[in-house]
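Colleague: Before we start, here is the structure in question, set down as structure tokens.
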Amino acid sequence: FEYAMVGAEIGKYCGATALTFNMHNSSMAWSRFMFDMPNLTPQEKAAFAPLRERQLRRAIAEKAIYSQPISEGGQNWTSKPNQTQCRKVDGGWKINGFKKFASLAGYCDYYTIVCTEVFEGREPR
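The sequence shown begins at 302 in our numbering and counts up one residue at a time.
If you want it as structure tokens, here you go:
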């Protein structure tokens, strides 16, 4: 409740700033939510932990601002995996998909891309 009230109060004066506040904080909250997901194996949690720590460290030590492109036009991301997919490749990741909107695009320090990792022979979960 308090979080929504802070955003509403900021929005009274500047809607763009309120949206910026929400998108940055949503990126931080997703890291917490994803880390605490009950279907993560101990190995997946161990692999995710340093990535989460790096994100939080950047936000605090560097005062980094994050954007979170999540919108996929016409998609209901609450009932099925995101349609934007990522696949581990030599040297990094290949991301394939379409994001309809991203607050802070071009102005943030980092993007937290919400996507579904693809594994050969396994259905996305």
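The beta carbon of each residue, even a glycine, is placed where N, CA and C say it ideally should be.
None of these values were measured; they are calculated from a predicted model.
Just the C-alpha distance for Ile431 and Asp391, rounded to the nearest angstrom, thanks.
Modeller: Past the edges of the chain, shown from 302 to 426, lies residue 431, and the structure says nothing about it.
Colleague: State the DSSP-derived secondary structure class of Thr379, mapped to helix, strand or coil.
Modeller: coil
Colleague: Can you tell me where the alpha helix (DSSP H) with Asn397 in it begins and where it stops?
Modeller: No alpha helix (DSSP H) contains Asn397, which is instead part of the beta strand (DSSP E) from 393 to 397.
Colleague: Return the CA-CA distance between Ile342 and Tyr314, expressed in angstroms with no decimal places.
Modeller: According to the sequence displayed, residue 342 carries Thr and not Ile. Taking the straight line from one Cα to the other gives about 44 Å.
Colleague: On a CA-only basis, which of Asp410, Tyr412, Cys387 is nearest Pro425? Give me that one, please.
Modeller: Checking every option, the nearest Cα to that of Pro425 belongs to Cys387.
Colleague: Less than 8 Å between the beta carbons of Tyr408 and Tyr367, yes or no?
Modeller: Annotated as distal: Tyr408 and Tyr367, with beta-carbon spacing of 8 Å or more.
Colleague: Evaluate contact between the stretch 351 to 359 and the stretch 396 to 403, counting only Cβ atoms and requiring at least three cross-stretch pairs below 8 Å.
Modeller: no
Colleague: Is Thr342 helix, strand or coil when you go by DSSP?
Modeller: The answer is coil: DSSP assigns Thr342 none of H, G, I, E or B.
Colleague: For Glu424, which three-state DSSP category applies?
Modeller: coil
Colleague: Between Ser327 and Gln384, which are expected to be in contact by the criterion C-beta below 8 Å, what is the C-beta distance as a whole number of angstroms?
Modeller: That belief does not hold up - the Cβ atoms of Ser327 and Gln384 are roughly 19 Å apart, past 8 Å.
Colleague: Output the boundary residues of the beta strand (DSSP E) element that contains Lys401.
Modeller: DSSP places Lys401 in no beta strand (DSSP E); its state is neither H nor E.
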